[in-house]
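A.B. asks: Residue numbers (the working numbering), protein chains in the order written: chain A, 27 to 325; chain B, 3 to 367.
#1: Does residue 1/B have its Cβ less than 8 Å from a Cβ in chain A?
#2: Check whether the Cβ atoms of residue 292/A and residue 279/A lie closer than 8 Å to each other.
#3: Could you give the distance in angstroms between the alpha-carbon of residue 28/A and the alpha-carbon of residue 46/A?
#4: Helix, strand or coil for residue 283/B, going by three-state DSSP, please let me know.
#5: What is the DSSP secondary structure of residue 140/B, counted as helix, strand or coil?
#6: Out of 258/B, 274/B, 281/B, 332/B, state which residue places its alpha-carbon closest to the alpha-carbon of residue 289/B.
#7: Just checking: is the beta-carbon of residue 4/B within a distance shorter than 8 Å of some beta-carbon in chain A?
#8: Mind pulling the chain A residues with CB within less than 8 Å of residue 104/B?
#9: Using the three-state DSSP reduction, which class does residue 268/B fall into: helix, strand or coil?
#10: Check the Cβ of residue 147/B against every Cβ in chain D and list those closer than 8 Å, keeping chain order.
#11: Can you list, in chain order, the residues of its chain whose CB lies under 6 Å from that of residue 223/A, leaving out five sequence neighbours each side?
#12: Which ranges does the alpha helix (DSSP H) cover as unbroken runs of at least 4 residues, wholly within the stretch 159-200 of chain B, from first to last along the chain?
#13: Looking at the unbroken beta strand (DSSP E) that takes in residue 314/B, where does it start and where does it end?
#14: Grouping DSSP H, G and I as helix and E and B as strand, with all else coil, what is residue 277/A?
#15: Under 8 Å, Cβ to Cβ, is there at least one residue of chain A near residue 54/B?
#16: With a threshold of 8 Å, are at least 3 pairs of Cβ atoms found where one atom belongs to the stretch 79-98 of chain A and the other to the stretch 283-297 of chain A?
#17: Can you check DSSP and say which residues form a bridge with residue 243/B?
#18: Hey, residue 121/A and residue 255/A: beta-carbon distance below 8 Å or not?
#19: For residue 282/B, does the count of other Cβ atoms within 10 angstroms reach 16, so buried, or fall short, so exposed?
#20: With distances taken from CA atoms, which of 335/B, 266/B, 305/B, 312/B is nearest residue 357/B?
#21: So which residues of chain A does residue 79/B contact, with C-beta pairs closer than 7 Å?
#22: Which chain B residues are close to residue 234/A, counting only those with a beta carbon under 7 Å from its beta carbon?
#23: Rounded to the nearest angstrom, what separates residue 327/B and residue 261/B at their Cα positions?
#24: Just checking my contact of residue 93/B with residue 129/B at CB under 8 Å: how many whole Å lie between their CB atoms?
#25: Would residue 241/B pass as a contact of residue 233/B if the rule is Cβ separation under 8 Å?
#26: Rounded to whole angstroms, what is the Cα-Cα separation between residue 228/A and residue 141/A?
#27: Pick helix, strand or coil for residue 208/A, following the three-state DSSP scheme.
#28: Whole angstroms is fine: what's the gap from residue 147/B's alpha carbon to residue 155/B's?
#29: By DSSP, does residue 317/A sit in helix, in strand, or in coil?
#30: Quick one: is residue 13/B buried, meaning 16 or more other Cβ sit within 10 Å of its Cβ, or exposed?
#31: Please return the same chain residues whose Cβ sits closer than 6 Å to the Cβ of residue 203/A, not counting the five positions on each side in sequence.
#32: Using 8 Å as the threshold, is the C-beta distance between residue 165/B and residue 138/B below it?
#33: In or out: residue 173/A buried (at least 16 other Cβ within 10 Å) or exposed?
#34: Shortest alpha-carbon distance to residue 162/A belongs to which of 176/A, 192/A, 87/A?
#35: If you follow the beta strand (DSSP E) that residue 113/B is in, where does it begin and where does it stop?
#36: For residue 14/B, which beta-bridge partners are listed by DSSP?
Below, the structure is given as structure tokens:
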């Protein structure tokens, strides 16, 4: 290095380095600026939700107060009333049952489908894979009309089990699609090695593919969970009594009476409903990001 | 351990013939290397032996039993892949024992075998690591360990060293040879690197365009190639090929390369080449048989002058490149004897090692 700095063109080289550093600094400033901007943009609604959930009804009714701050003292009344006097806990229980069932069904169906479509080359497998994805492109706002007939004909109208049946129409195609990509990215020598080691297709799937594709499977799982937890159109269309209702529709229908909005309880309900996805995301994110496939082949 | 035999084995993908009716007998304990350029069908042949590719025609047998319709796991073979194909979520020990676990070996036996293989390959201290914590060479050792623990009838290697850097490749080459000497399992090894083929093999099978060009010991192939392809493929730098005419010169024969340059055919070869007198041939001579004039030489040699185009010092020897009748020719000379590029240099061709090739058929005469 000393010889470089001592040489004649050293000064020029240094300015190149400096301008590179300056360039990088500007890139960082710009990144930070926009990241902070977007963070504020996306975090304001949750903030508003949290702050409102802890306010008293009388404070909310006062137009003169600053809506971004709690001025009349924080309270847990909204939660207390919500949990004691409404059907919120029933909605919550129904949602958990539906979501767990949907996630399990989705994972079983789409892992098997993706393994078959992505790894076991057979005639028409790629057309089939595309076909599955195309079904995902049909919006649920369109599908609920024919599905209503189907759900009614099998006698599941106004039962949350209908949700267990219809949500997979949204989750299975997309999850299969995600996992086909994951399974295809696993080098083919890995299944050949397993074949030679004496594994059957089922053993190969359970002992090689599922562990190796775990990040993909978790991504699919998060998707299925989110869809099932946050679905609105189907429960709106198929469920109408409180004991069968799920969180999304239940909270809204029971806490909005004509033009009377129970804002405090709505926000408390939203906060409680948002908690499980948050916890699950935080817990699974590590797995999701970890690149488990590295090291299988030439790195 | 077992012998492997391929009889009229054909592999066809739709209209493309990947392997065209090959016959190969591999006796027990032998180390056979399939070598050839990309797309010559060597890997396909190996994969057919493994059972990873179906056979279009013919018969493959291992240990006397036809295995055409047997799945890979029932063929009792083990394979080492080019990109290692280790299970990334398992430790080295788990990788090596996976096949034994599936075959329901008792735990003590599995442990004994894994420990033994680890000792042979010198990876005992790596057993608890995962593949991503290993270097390329270590991963390749684990892949070999996975094959060794199974104690299969046949080892199959599919270009196992291609992903390693040059130095490591040489080390691992020696390692593979050492392992084979220890376990002595019948081995089929595929590579496109002729040096690997020469150094490892008991017998080399040279393949080209889906066919076997020649089967023989490394020395056989080097000194007595059957075709121009083999002559050119084996040896580095490659054999020089110069278009020539075979002339009668009284009772003797002469290879005429240019108007001013002709080499006399050694007496011992006259009878062999006599029928081709007067015909166009391709004259083949390896670079090490084009040397400087001084020093001790055996056999028939003829001196000629060449104007050097390029001089490449290699340390222990120097490569000189020059042209004869427009064809580039390489010679290997003593570093002290080499001239500079552009200079004239007297050289000596050792014709005891010459080859004549029929340009029409590509066969060595």
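The beta-carbon is built from N, C-alpha and C at its ideal position, and this holds for glycine as well.
C.D. replies: According to the structure shown:
#1: Chain B is shown from 3 up to 367; residue 1/B falls before or after that span and cannot be answered.
#2: No.
#3: With a pLDDT of only 40 at residue 28/A, under the threshold of 50, the placement of this residue in the model should not be trusted; the figure read from the coordinates follows. Going by the C-alpha atoms only, they are around 21 Å apart.
#4: Correct three-state label for residue 283/B: strand.
#5: Residue state, collapsed to three classes: helix.
#6: Closest in C-alpha terms to residue 289/B, from the list 258/B, 274/B, 281/B, 332/B, comes 332/B.
#7: No, its Cβ sits nowhere closer than 8 Å to a Cβ of chain A.
#8: In chain order: 223, 224, 225, 229.
#9: It is coil, neither helix nor strand.
#10: Given the protein chain composition of this structure (A and B), no chain D is represented.
#11: Answer for residue 223/A: no residue qualifies.
#12: Here the runs fully enclosed are 168-185.
#13: Under the DSSP assignment, residue 314/B falls in the beta strand (DSSP E) whose first and last residues are 303-315.
#14: In this structure, residue 277/A counts as helix in the three-state DSSP scheme.
#15: Chain A, which has a Cβ nearer than 8 Å to the Cβ of residue 54/B, makes this yes.
#16: Three or more beta-carbon pairs separated by less than 8 Å link the stretch 79-98 of chain A to the stretch 283-297 of chain A, which places the two stretches in contact.
#17: Residue pairing from DSSP places residue 243/B in a beta bridge opposite 286/B.
#18: Result yes, Cβ atoms of residue 121/A and residue 255/A sit closer than 8 Å.
#19: Classification for residue 282/B: exposed.
#20: Relative to residue 357/B, the option among 335/B, 266/B, 305/B, 312/B whose CA is nearest is 266/B.
#21: What residue 79/B touches in chain A: 222.
#22: Ordered by position in chain B, the residues that pass the 7 Å Cβ test against residue 234/A are 89.
#23: When rounded, the distance between both Cα atoms is 9 Å.
#24: Going by Cβ atoms, the distance from residue 93/B to residue 129/B rounds to 7 Å, so yes, they are a contact pair.
#25: When the beta-carbon positions are compared, residue 241/B and residue 233/B come within less than 8 Å of each other.
#26: In a straight line, the C-alpha of residue 228/A is about 10 Å away from that of residue 141/A.
#27: In the structure shown, residue 208/A adopts helical secondary structure according to DSSP, grouped into three states.
#28: Taking the Cα positions, residue 147/B is about 15 Å away from residue 155/B.
#29: Note that residue 317/A scores a pLDDT of 43, beneath 50, so its modelled location is shaky; the value from the coordinates is reported in the next line. DSSP places residue 317/A in coil when its eight states are reduced to three.
#30: It is buried - the Cβ of residue 13/B has at least 16 other Cβ atoms within 10 Å.
#31: The beta carbon of residue 203/A sits closer than 6 Å to the beta carbons of 159 from its chain, once the five residues preceding and following it are set aside; these are given in chain order.
#32: Going by C-beta atoms, residue 165/B is nearer than 8 Å to residue 138/B.
#33: By the 10 Å Cβ count, residue 173/A comes out buried.
#34: Ranking 176/A, 192/A, 87/A by CA distance to the CA of residue 162/A puts 192/A first.
#35: Per DSSP, residue 113/B lies in no beta strand (DSSP E); the unbroken alpha helix (DSSP H) holding it starts and ends at 109-123.
#36: 19/B.
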